[in-house]
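Residue numbers (the numbering used here), protein chains in the order written: chain D, 1 to 282; chain Z, 1001 to 1266.
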């Protein structure tokens, strides 16, 4: 029973925090948006450095990492698969309509496969995970912060960057490509089902036609780019959670900002990554 | 009349077992300043505590007592001045290096700060799980049982923190703070909000630890009765300064207006 304690330590529900008598730095008064923006990035950089240093030095928190892999991976799987399936259905219907108009209906399987594998699967996975996991991590760590539980971890001579942040970020990095595969798979299946309902087509024919002329370089880079999405989601959610101030309202703000910022940065990163993939894997 | 700058710091113990262990201070706070934004919280504090000694830090709310404890455990860094733990200055230490020092320190938070998704016994086991990896599961369970028995909480070991009272949470917090057998214990308002019996039991526990384990205590409290019972020395803070430091009798004899006012209303 006790062996589960570390893993459970971080699984805190959102609490109504008790007031603390310790003064906190005043909110940024009279600071321009640019200054606040630069300060935020500076703090994020310092946070990332602390996490990186903690992640590569022992002791390693494997138990907590495995718990986070389960929490972020298995628990997100149904949602990601559902989102992938819905995307597959929509893509199939839309592509069928468009391609039929231009007399290119035979390209339908390839259009669905390429859309899902190249872009839709990875970005849908990134956004769904940033919503579910980003909010969860942000709120969880924020509630721990405002109730001094993170301070208690630190006072117990345990590095909270290692126990709380590094494990979550690493779990996000490792699980995003796997979740993307699940989204791709369910998207392709439902894309085929949607097409097969309109016009008889075996799954074998659909796959053969869809993957004709493609190789691993079409498949691997878009899948592995989601590791960057995982880094962004984990890093921003942990950062926003662990720097929270201001009690219950602060917890709410941390959860919201974790989702908003991680979704935004995932989309921005995607722009850069797509360009890089086009350059590096022409 | 005496102020921090006028009297030598008393280290003479008033009770058996509180005479200290060697001359070196376990904790030495030297000319520490701390501000949050424009708000000055500590303004050149000087304190020291030896092993086996208990220093009670008194003062009105917002005078920096909790901040002082957070500085000593390294959760905050001073703007200037030094904090020495067993002679080592902790200012600027990396988090893992500071962790090595913290293993010999225990901290009871004002609101206990128990991990609320863990049971009482898992809370107490937390430091052992991380720092006594050589300890077998059964040995750890025995140690946790001992610690909970010491604070009278063995019956609640399977309960969640939300299912026990604030006073019980503080006892569990104390058991957690003692788990690694620290030689320094920092207690932030251990008896605040407790009934007189529970408060007396916490005091007895502090005295027992002081006598049996020669632990150096700093106890932040508003409870003068409790401070008088457990402390070999008292320090009264006001506006970020130590107004007076000495025995309870020294405080009673003081002519300082703030001290007289504080004692009158305590």
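Heads up, the beta-carbon is just placed ideally off N, CA and C, and yes, glycines get one too.
Per DSSP, what kind of secondary structure is residue i in: helix, strand or coil?
{"i": "residue 158/D", "result": "coil"}
{"i": "residue 1222/Z", "result": "coil"}
{"i": "residue 260/D", "result": "helix"}
{"i": "residue 26/D", "result": "Bear in mind that a pLDDT of 49 at residue 26/D, under 50, signals an unreliable position, so the number given afterwards is only what the model happens to contain. Residue state, collapsed to three classes: coil."}
{"i": "residue 1208/Z", "result": "helix"}
{"i": "residue 1111/Z", "result": "coil"}
{"i": "residue 1059/Z", "result": "strand"}
{"i": "residue 1105/Z", "result": "strand"}
{"i": "residue 223/D", "result": "helix"}
{"i": "residue 1189/Z", "result": "coil"}
{"i": "residue 1033/Z", "result": "strand"}
{"i": "residue 1065/Z", "result": "helix"}
{"i": "residue 1169/Z", "result": "helix"}
{"i": "residue 1252/Z", "result": "helix"}
{"i": "residue 1081/Z", "result": "strand"}
{"i": "residue 265/D", "result": "helix"}
{"i": "residue 32/D", "result": "coil"}
{"i": "residue 62/D", "result": "helix"}
{"i": "residue 1203/Z", "result": "helix"}
{"i": "residue 1217/Z", "result": "strand"}
{"i": "residue 1022/Z", "result": "Low confidence applies to residue 1022/Z: its pLDDT is 45, below 50, so where it sits in the model is not reliable, and the reading given next is rough at best. Correct three-state label for residue 1022/Z: coil."}
{"i": "residue 1027/Z", "result": "strand"}
{"i": "residue 73/D", "result": "helix"}
{"i": "residue 1088/Z", "result": "strand"}
Residue i: beta carbon under 7 Å from a heavy atom of the ligand GTP?
{"i": "residue 197/D", "result": "The ligand GTP is absent from the structure shown, which contains no ligand whatsoever."}
Could you give the residue range of the alpha helix (DSSP H) that holds residue i?
{"i": "residue 124/D", "result": "121 to 129"}
{"i": "residue 85/D", "result": "77 to 101"}
{"i": "residue 210/D", "result": "203 to 210"}
{"i": "residue 1075/Z", "result": "Segment: none, residue 1075/Z is in no alpha helix (DSSP H) and carries neither H nor E."}
{"i": "residue 1145/Z", "result": "1137 to 1150"}
{"i": "residue 193/D", "result": "167 to 198"}
{"i": "residue 1117/Z", "result": "Looking at the DSSP string, residue 1117/Z is not in any alpha helix (DSSP H), and its letter there is neither H nor E."}
{"i": "residue 1261/Z", "result": "1257 to 1265"}
{"i": "residue 140/D", "result": "135 to 146"}
Residue i versus chain C: which residues are under 9 Å apart at the beta carbon?
{"i": "residue 104/D", "result": "Among the protein chains of the structure shown, namely D and Z, there is no chain C."}
Taking the continuous beta strand (DSSP E) assigned at residue i, which residues delimit it?
{"i": "residue 1233/Z", "result": "1233 to 1238"}
{"i": "residue 106/D", "result": "Here residue 106/D belongs to no beta strand (DSSP E), and DSSP marks it neither H nor E."}
{"i": "residue 1048/Z", "result": "1039 to 1049"}
{"i": "residue 117/D", "result": "Looking at the DSSP string, residue 117/D is not in any beta strand (DSSP E), and its letter there is neither H nor E."}
{"i": "residue 1242/Z", "result": "1241 to 1246"}
When burial is assigned at 16 or more other CB atoms within 10 Å of the CB, is residue i buried or exposed?
{"i": "residue 1116/Z", "result": "buried"}
{"i": "residue 148/D", "result": "buried"}
{"i": "residue 1233/Z", "result": "buried"}
{"i": "residue 126/D", "result": "buried"}
{"i": "residue 1024/Z", "result": "exposed"}
{"i": "residue 1265/Z", "result": "exposed"}
{"i": "residue 213/D", "result": "exposed"}
{"i": "residue 84/D", "result": "buried"}
{"i": "residue 1190/Z", "result": "buried"}
{"i": "residue 1208/Z", "result": "exposed"}
{"i": "residue 145/D", "result": "buried"}
{"i": "residue 151/D", "result": "buried"}
{"i": "residue 1171/Z", "result": "buried"}
{"i": "residue 103/D", "result": "exposed"}
{"i": "residue 101/D", "result": "exposed"}
{"i": "residue 1063/Z", "result": "buried"}
{"i": "residue 225/D", "result": "buried"}
_With three or more C-beta pairs closer than 8 Å as the rule, is the region 241 to 252 of chain D touching the region 182 to 201 of chain D?_
no
*Do the region 256 to 272 of chain D and the region 154 to 161 of chain D make contact, defined as three or more Cβ pairs closer than 8 Å?*
No contact exists between the region 256 to 272 of chain D and the region 154 to 161 of chain D.
*Could you list the residues in the region 1061 to 1074 of chain Z with a C-beta less than 7 Å from some C-beta on chain D, going in chain order?*
1061, 1062, 1066, 1067, 1070, 1073
*Is there contact between the region 88 to 106 of chain D and the region 62 to 77 of chain D, where contact requires at least three CB pairs shorter than 8 Å?*
In the pairwise beta carbon analysis, the region 88 to 106 of chain D is classified as not touching the region 62 to 77 of chain D: fewer than three pairs are separated by under 8 Å.
*Would you call the region 1212 to 1224 of chain Z and the region 1171 to 1189 of chain Z in contact, with 3 or more CB pairs under 8 Å?*
yes
*Given 8 Å, three or more beta-carbon pairs between the region 231 to 239 of chain D and the region 128 to 138 of chain D*: yes
*Would the region 1084 to 1093 of chain Z and the region 1026 to 1039 of chain Z be scored as touching if the rule is three or more Cβ pairs under 8 Å?*
yes
*Are the region 56 to 65 of chain D and the region 163 to 180 of chain D touching by the rule of at least three beta carbon pairs closer than 8 Å?*
yes
*Determine contact between the region 1145 to 1155 of chain Z and the region 1088 to 1101 of chain Z, defined as no fewer than three beta-carbon pairs at a distance below 8 Å.*
no
*asked:* When you compare the region 1032 to 1050 of chain Z with the region 1065 to 1084 of chain Z, are there three or more beta-carbon pairs, one atom per stretch, that lie closer than 8 Å?
replied: yes
*Name, going along the chain, the residues of the region 125 to 158 of chain D whose beta-carbon falls closer than 7 Å to a beta-carbon of chain Z.*
147, 148, 149, 151, 152, 154, 155, 156, 157, 158
*Touching by the beta-carbon criterion (3+ pairs, under 8 Å), the region 1240 to 1248 of chain Z and the region 1045 to 1058 of chain Z*: With the cut-off at 8 Å, the region 1240 to 1248 of chain Z and the region 1045 to 1058 of chain Z touch.
*Is the region 1105 to 1119 of chain Z close to the region 1166 to 1177 of chain Z, with three or more CB pairs under 8 Å?*
Because the criterion of three Cβ pairs below 8 Å is met, the region 1105 to 1119 of chain Z and the region 1166 to 1177 of chain Z touch.
*Given a limit of 9 Å on CB to CB distance, which residues of the region 47 to 60 of chain D reach chain Z?*
50, 53, 54, 57, 59
*Could you please tell me which residues of the region 1084 to 1101 of chain Z, in chain order, have their CB closer than 9 Å to any CB of chain D?*
1094, 1095, 1096, 1098, 1099, 1100, 1101
*Going along the chain, which residues of the region 1153 to 1167 of chain Z sit with their C-beta nearer than 7 Å to a C-beta in chain D?*
none
*Given a limit of 9 Å on CB to CB distance, which residues of the region 1206 to 1225 of chain Z reach chain D?*
none
*In the region 1116 to 1140 of chain Z, which residues sit with their C-beta less than 9 Å from some C-beta in chain D, listed in chain order?*
1116, 1117, 1118, 1119, 1121, 1122, 1123, 1125, 1126, 1127, 1128, 1129, 1130, 1131, 1133, 1137, 1140
*Take every Cβ of the region 1054 to 1061 of chain Z, pair it with every Cβ of the region 1218 to 1228 of chain Z, and state whether three or more of those distances are shorter than 8 Å.*
yes
*With contact counted as at least three CB pairs below 8 Å, one residue from each stretch, are the region 200 to 219 of chain D and the region 107 to 118 of chain D in contact?*
Yes, they touch.
*What residues from the region 1225 to 1250 of chain Z come within 7 Å of chain D, judged by C-beta to C-beta, listed N to C?*
none
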